[in-house]
Structure formats: C-alpha cells, structure tokens
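Student: My structure is below; once you've seen it, I'll send some questions.
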Amino acid sequence: MENGALTQGEGKDPSGWLSEIIGHPVTVKLNSGVVYKGELQSVDGYMNIALEKTEEYVNGAKRRSYGDAFVRGNNVMYIAAD
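Be aware that the sequence shown starts at 0, since it is given in numbering that gives the first Met the number 0, and climbs by one per residue.
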C-alpha cells in the first residue's frame with residue numbers, strides 16, 4: 000500500500016457497500032448461471048438476498064417475473080449494482 004491507496008481485495012468490507020444499495024436495482028448471478036434482476040430489499044452476513052420486482056434470466060433470456068424472490072447465499076456468485 001503506497002500513499003494510503005488500497006490494493007484490490009485489501010481492507011474492503013462489502014457490507015457497507017451492500018447496505019448503501021438497499022432499495023436500488025441489482026443483478027444477482029447464481030453459481031448455476033441463472034441471473035436475477037430486481038430491487039435489493041435485504042442481504043445478511045450469509046449473502047441471503049431478498050429482492051422485489053424480480054426478473055429471472057436463463058441463458059440471457061427472460062424466463063419469469065416475481066413480486067418477491069429470496070436467494071440462498073451459498074448459491075450467489077456475485078451481486079452487481081445496476
């Protein structure tokens with residue numbers, strides 16, 4: 000670390016960022032490749048995720064829409080803010 004700059008993966012805690020994007024649109028990709036897009040309502044320390052106004056995409060094609068969706072954290076590959 001030079002001049003106080005953080006290197007990738009050093010000293011970053013994602014919980015602060017995740018709490019900042021509550022209520023915002025996100026993309027959640029699962030280990031299976033399925034993608035959910037919706038409004039982030041909550042996320043816990045296990046990466047369990049609650050979404051509203053959710054759309055499910057399989058192989059890039061929209062498959063279903065859900066009012067609410069709950070994703071178990073061990074299935075999550077990543078969460079991205081839209």
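The beta carbon of each residue, even a glycine, is placed where N, CA and C say it ideally should be.
Could you tell me which of VAL42, ASN74, VAL34 sits nearest to ALA60, measuring between CA atoms?
Tutor: Along the sequence shown, one-based indexing puts residue 60 at 61. For the residues VAL42, ASN74, VAL34, the minimum Cα distance to ALA60 belongs to VAL34.
Student: Report the residue from GLY66, SER31, TYR56, ASP81 whose alpha carbon sits nearest the alpha carbon of GLY72.
Tutor: Residue mapping note: residue 72 aligns to position 73 of the sequence shown, counting from 1. Considering only alpha carbons, the answer is SER31.
Student: I'd like the span of the beta strand (DSSP E) that includes SER14, first residue to last.
Tutor: Start at 1 with the first residue of the sequence shown, and residue 14 comes out as number 15. Segment 13 to 19 is the alpha helix (DSSP H) holding SER14; no beta strand (DSSP E) there.
Student: Among the residues of its own chain, which have a CB less than 6 Å from the CB of SER64, if the five just before and after it don't count?
Tutor: Your numbering for residue 64 matches position 65 in the sequence shown. For SER64, where only same-chain residues beyond five positions count, the Cβ hits under 6 Å are GLU54.
Student: Short check: CB of LEU50 to CB of GLN40, under 9 Å?
Tutor: Taking the first residue of the sequence shown as position 1, residue 50 is located at position 51. Taking the first residue of the sequence shown as position 1, residue 40 is located at position 41. Closer than 9 Å, so yes.
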